[in-house]
Amino acid sequence: MDQPTPHPGPSGSEAQPVVCASCGTRPPGEIPPTWTCSVENGTRQYFCVDCARANLRAIEGRLDSSWW
Ligand SMILES: [Zn+2]
809 MDQPTPHPGP SGSEAQPVVC ASCGTRPPGE IPPTWTCSVE NGTRQYFCVD
859 CARANLRAIE GRLDSSWW
């Protein structure tokens, strides 16, 4: 059976899968409380523990993540 691959995009869905915006790691279920949420340009982005720690200064500085 062929299953169409869902296309990630600005569909406005609240049920979009959560992945680390830096390394692409996915939590097994709900978003772990240790993950960091950063809202940039109106887009909610999550970072896993390792990436959040590595990018903590950048997140706190509210810098654009495009240069990561
Ligand atoms: Zn990560």
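Under our numbering, read the sequence shown as residues 809 to 876, first letter to last. Glycine residues also receive a C-beta, built at the ideal position from the N, C-alpha and C atoms.
Open item on the list: Considering only DSSP beta bridges, list what Ser846 is partnered with.
Closed with: Beta-bridge analysis with DSSP links Ser846 to Gln853.
TODO: Look at the Cβ atom of Cys828, then the Cβ atom of Cys845, and state whether they are nearer than 9 Å.
DONE: No, these two residues do not count as a Cβ contact at 9 Å.
- [ ] For Ser821, count neighbouring Cβ atoms within 10 angstroms of its own Cβ and tell me buried if that reaches 16, exposed if not.
- [x] Note on Ser821: pLDDT 48, under 50, position unreliable in the model; the coordinate value appears next. Under this definition Ser821 is an exposed residue.
TODO: Between the Cα of Arg861 and those of Val826, Trp843, Pro836 and Met809, spot the shortest distance and give me the residue it belongs to.
DONE: Closest by alpha carbon: Trp843.
- [ ] Helix, strand or coil for Cys831, going by three-state DSSP, please let me know.
- [x] Assigned with DSSP and collapsed to three states, Cys831 falls in coil, not helix or strand.
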